[in-house]
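S.K.:
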Amino acid sequence: MIIKWITIFLLLGFGIYLIAGQSSRHIALRRLGFVFFVSLSLINVFFESFIGRISSSLGVGSGTELLVYLTSFAFIGYVVTSYRSRRVLENRVTELARHIALEDFERSHNGNLKS
Amino acid sequence: MNSQDKKIQDVVLIIPSYNEGPVLLETLSNVENFFEKIIVVDDGSTKKDPELIANNRILLIKHPVNLGQGAALQTGISAALKFTNANYFITFDADGQHSIESALSLVHKIKGSSFDIVIGSRFLQNSTTNVSLPRKLLLKLAVLFTRMESGLKVTDAHNGLRIFNRKFAETIKLKQNGMAHASEILSYIKEFQFNWAECPVDITYTEYSRRKGQSALNAVNIVTELFHR
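Those sequence lines, one after another, are chains V and F.
Each residue of the first sequence is one higher than the one before, counting from 53 in my numbering.
Each residue of the second sequence is one higher than the one before, counting from 165 in my numbering.
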C-alpha cells in the first residue's frame, strides 16, 4: 500500500515537473516520456506478465492498471500544456493585430495626430 | 454641462466596439459633444455597419480580427498614449449602457485628486442602477472572489466604466483578451499600489444590451483565465 502511494507521488511530481517547464529540455523530456509510454503499451500487449511483475513491485494491481494511471496523467498533462501553448499563440496574435491596427491608423493620418 | 459649454479637455474616451452598428452611432452622438477626443476600437466587426465617420475628434482604430474586449481596450489605451497628450482616459461601453452623467462624475472625482484610477460601481449609495436579482447575486459573488483574490475592497468587480490617469495607462499592459481584463486591472492596482476609489454610476440595461450581455456561465471562463495569467 505504501509503495502505491510512493509511486503515485513520484509520478505526480515528475508529471508536474514535465508540465511546468517550457524550455527545450522540458519539451525533449515530454517527447521521451511519450516514447516511453508508447513502448510500455506495446510491451504490455506482447509481454503482459513482464509488465505485470513491474506493476506489482510498484504496488499497482496489473500492467493494464498502470497504463490507465499513466494515460490519465498524460491526458491531464496534454490538456494543461495545450492550453498554455494556445495562450502563448493568442498573445502573439494579439500583439501582431494591435501593431497592424495602430500602424494602419498612423499611416492613414500621415503622422498628423498628436493634439 | 451641455453641448454649449467647452468640451472637456485632457480626457480621452476609449470605446471598444464589436458589431454594435447603429447603437454605437447613437452612443457617439451622446458623448461627442462633451469630450475633445474619442477613440473607437473596432474589434474586427463582421457585420456591415453604418459607416462611422471618423474625424479629428473621433479616432477609429480597426483590429484586423476579433480579439476580445480586453484586447480592444488595451489597443485603445495604446492609441490614446501614442496619439494624444491627454492625462486621463475613460473606458466606456459602446452599447449605450453607460451614461454621460456617470462619465462626467468620474472626471469630477479624479481631476485635482490624488487618485490614479476611479472605478464605477453599481452598488454604491446614490447609484440608481436596477440590477435583476439573479444578476445581482452573481455580481456579488464576483465581488467576493475579487476581494479574496486581489485584497481590494471593491463593491463592483466588473464595471466597464472607469477613469485613470496617464501614469496608470502607461503602467498596465492587459493580457486578458476576454472579460477577465476587469479583474486584471484590479490586480495592477494591487501590484503597483495605485491610489484608487469608487464612484456611483448608473447603468441602463436595454433590451439590446441584455441580449448582447454576458451569460452567467461566462463567469467560469473568467475565473479559469485568471488562474492562467
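Cβ coordinates follow ideal geometry from the N, Cα and C atoms, glycine included.
Here the structure is a predicted model, which means the values were calculated and not measured.
1) Please classify L188 (chain F): does DSSP put it in a helix, a strand, or coil?
2) Going along chain F, which residues have a C-beta under 7 Å from A149 (chain V)?
3) In or out: V87 (chain V) buried (at least 16 other Cβ within 10 Å) or exposed?
4) Quick one: is N162 (chain V) near chain F, going by C-beta distance under 9 Å?
5) Any residues in the segment 75-97 of chain V with a beta carbon nearer than 9 Å to a beta carbon of chain F? Which ones, in chain order?
6) Tell me the residue span of the alpha helix (DSSP H) that contains T239 (chain F).
7) With 7 Å as the limit, tell me which residues of the segment 356-371 of chain F have their beta carbon closer than that to any beta carbon of chain V; keep them in chain order.
8) Would you decide whether Q168 (chain F) is buried or exposed? Buried here means 16 or more other CB atoms lie within 10 Å of its CB.
9) In the DSSP assignment, the alpha helix (DSSP H) including Y182 (chain F) goes from what residue to what residue?
10) Note down the Cα distance separating L141 (chain V) from L338 (chain F), rounded to an integer number of angstroms.
11) Less than 8 Å between the CB atoms is what I'm expecting for I410 (chain F) and R326 (chain F), so what's the real figure, rounded?
12) Between the segment 262-269 of chain F and the segment 191-204 of chain F, do at least 3 Cβ pairs fall closer than 8 Å?
13) CB P180 (chain F) to CB V205 (chain F), shorter than 9 Å?
14) Apart from the five residues just before and just after K398 (chain F), which ones in its own chain have a Cβ nearer than 8 Å to its Cβ?
15) For a cutoff of 9 Å on Cβ pairs, would you count T335 (chain F) as touching chain V?
16) Within 8 Å, do at least three Cβ pairs link the segment 187-196 of chain F to the segment 253-265 of chain F?
17) Cβ of A321 (chain F) within 9 Å of Cβ of L245 (chain F)?
18) Within 9 Å (strictly less), CB to CB, does L154 (chain V) reach chain F?
19) For L223 (chain F), count neighbouring Cβ atoms within 10 angstroms of its own Cβ and tell me buried if that reaches 16, exposed if not.
20) What are the partner residues of V205 (chain F), as DSSP defines its beta bridges?
21) Label T210 (chain F) either buried or exposed according to how many other C-beta atoms from any shown protein chain fall within 10 Å of its C-beta, with 16 as the threshold for buried.
22) Sort out for me which residues DSSP pairs A361 (chain F) with in a bridge.
23) By DSSP's criteria, F253 (chain F) is part of a beta bridge. Which residues make up the other side?
24) Do we get a CB-CB distance below 9 Å when we pair S167 (chain F) with the residues of chain V?
25) DSSP puts I58 (chain V) in a beta bridge; with which residues?
26) Using the Cα positions of I60 (chain V) and H272 (chain F), report the straight-line distance between them to the nearest angstrom.
M.R.: Taking the coordinates as given:
1) helix
2) H227, P228, V229 and L231
3) exposed
4) no
5) none
6) Q233 to F247
7) none
8) Its pLDDT being 44, under 50, Q168 (chain F) is placed unreliably in this model, and the coordinates cannot settle the point.
9) Premise fails: Y182 (chain F) is in no alpha helix (DSSP H) and is neither H nor E.
10) 16 Å
11) With chain F covering only 165 through 393, there is no way to say anything about residue 410 (chain F).
12) yes
13) yes
14) Shown here, chain F extends from 165 to 393; a query on residue 398 (chain F) therefore has no answer.
15) no
16) yes
17) no
18) yes
19) buried
20) F:P180 and F:I225
21) exposed
22) F:V282
23) F:V176 and F:F328
24) In this prediction, S167 (chain F) has a pLDDT of 47, which is less than 50 and means its spatial position is unreliable; nothing more can be read from the coordinates.
25) DSSP, once it has assigned bridges, lists no residue as partnering I58 (chain V).
26) 60 Å
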